[in-house]
Structures are given as structure tokens and as C-alpha cells.
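When we follow the working numbering, the leftmost residue of the sequence shown carries the number 9, and every step to the right adds one.
From the three backbone atoms N, C-alpha and C, an ideal C-beta is built for every residue, glycine too.
None of the values given here were measured: they were computed from a predicted structure.
For reference, the structure discussed in these notes is given below.
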Amino acid sequence: QMAATFEKNSVAVKTMVGDVAEGAKLIQDITNLAIETPFSSDELVAVTKQLKSFGFQTGDVIDTLKVLGNVSSGTGTDIHRISLAFGQVKVAGKLMGTELRQFVDAGVPLIEYLGKVMKKPAESIRSLTEQGQIGFAQVVEAFNLMNAKGGQFAGLMDVISKTTIGGRWQAFKETLDVSS
9 QMAATFEKNS VAVKTMVGDV AEGAKLIQDI TNLAIETPFS SDELVAVTKQ
59 LKSFGFQTGD VIDTLKVLGN VSSGTGTDIH RISLAFGQVK VAGKLMGTEL
109 RQFVDAGVPL IEYLGKVMKK PAESIRSLTE QGQIGFAQVV EAFNLMNAKG
159 GQFAGLMDVI SKTTIGGRWQ AFKETLDVSS
């Protein structure tokens, strides 16, 4: 069954990428990421398909998975939920109130980090959102800042993967899946 799931995931990713070689490389990168993080290949493939459907470039997928994975690990929120809101902002081209609420409800300190990125008081972020003044690029910059050295979520997938029983177990299961 593991081999069948891996094969199904491979076909799905290659189809979404549109290039067999590029899709094969992406599936290998996803597998390696799953071994190093608390997320399974199946979870990461599902998020990859979601990101691709939102228009993310194949070359940006792994870095985006890392950013969203660290935030998910730090907030304890399902990575699918965070990637959904992130993708919706990308499609809209700007942060809207609904997505801001999704991030806040998920425990993502987006208001604080947008304030840092935009050099504005956190109190003004909601108003700027309502006015459509916060673009996707600024949201990406805020997420990157959360993940940068000294950021709230920097390296959390790695920490969880290496220091928790659940993280080590997930890495072990992924290693077994790959070798079978």
C-alpha cells in the first residue's frame, strides 16, 4: 500500500507540474523534506497540490512548504489550514479581512509581523487590510521574517522532528516508507 500511495502521489505531482523530470525532482524533494520534518509525504504532497492550484511556481514550492511548516509547527495548526489562507491571499493579490481572521484564529502573529515589515503600528494593520493596502508580497515578507533567524518560528520543524517522540517517529516512518 505504501508503494501504491507513493506512486499515486508521484503521478499527481508530476501531472500538476507538467514536466516529468521536474515533477520527479519535486517528489524527491518532498520525500526528503518529510524525512527531516514532522510532516508525512502525504501531507506535504497534499499541500503541494494545493499550492500549485493557487499558482505557486514549482521552484518556490519547497521553500514555501518550509515556511508554512515552521508556522504550522509553532502554532499547532494544521498545515493545510495555513496553506489555504496563504494561497487565498496569493490568488487575491492582497490580504483581505477573511484571510487575516483565518491567520489570527490559527495563532499566526501576522498582524505583529506585518507591522514590522511595513514599519507601521500593529493597530493600523487591520485598517490597511480593510483598505486593500497589504499585498501578497508583504504577507510573504512577514512569513519569511517569522521564519528568519530570531523569528518566532525559525527552524521549528527541525526542532520538533529531532526533539519530540512524535517528530522522531514520523521521520522513522518516512524513512521506512522510502526504503520499501
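Of the residues the options, the one placed nearest residue i, counting alpha carbons only
{"i": "T56", "options": "Q139, E44, S81 and L92", "result": "L92"}
{"i": "R109", "options": "K33, F47, R134 and H88", "result": "R134"}
{"i": "Q160", "options": "E138, M104, T83 and D113", "result": "T83"}
{"i": "A162", "options": "G143, L122, G115 and K74", "result": "K74"}
{"i": "E149", "options": "I35, E120 and L164", "result": "E120"}
{"i": "F151", "options": "G67, Q139, V69 and P117", "result": "P117"}
{"i": "F70", "options": "S61, E44 and D37", "result": "Correcting the residue identity first, residue 70 is Ile in this sequence and not Phe. The residue with the shortest Cα to Cα distance from I70 is D37."}
{"i": "S61", "options": "G26, A32 and A42", "result": "G26"}
{"i": "D166", "options": "E44, E107, T72 and D68", "result": "E44"}
Whole-number beta carbon distance between residue j and residue i, since they are thought to touch under 8 Å
{"i": "L103", "j": "V112", "result": "Wrong, their Cβ atoms sit about 11 Å apart, outside the cutoff."}
{"i": "G95", "j": "Q58", "result": "6 Å"}
{"i": "N155", "j": "N78", "result": "5 Å"}
{"i": "G101", "j": "G63", "result": "Between G63 and G101 the Cβ distance is about 11 Å, and since that is not below 8 Å, they are no contact."}
{"i": "G105", "j": "E138", "result": "6 Å"}
{"i": "L153", "j": "V125", "result": "6 Å"}
Outcome for residue i when other beta-carbon atoms lying within 10 angstroms are tallied against a minimum of 16
{"i": "A5", "result": "Not covered by the structure: residue 5. The range shown for the chain is 9 to 188."}
{"i": "K195", "result": "No answer is possible for residue 195: the residues shown for the chain start at 9 and end at 188."}
{"i": "V147", "result": "buried"}
{"i": "K157", "result": "exposed"}
{"i": "V99", "result": "exposed"}
{"i": "P46", "result": "buried"}
{"i": "E131", "result": "exposed"}
{"i": "A11", "result": "Unreliable positioning characterises A11 in this predicted model, as indicated by a pLDDT of 49, which lies under 50. A coordinate reading is not provided."}
{"i": "G140", "result": "exposed"}
{"i": "S80", "result": "buried"}
{"i": "Q9", "result": "Its pLDDT being 48, under 50, Q9 is placed unreliably by the model, and nothing is read from it."}
{"i": "G31", "result": "buried"}
{"i": "A42", "result": "buried"}
Would you be able to state if there are at least three C-beta pairs under 8 Å between the region 71-89 and the region 34-52?
yes
Please list the segments of the alpha helix (DSSP H) lying wholly inside the region 76-150, counting only runs of 4 or more residues, in order along the chain.
87-100, 105-113, 118-126 and 131-138
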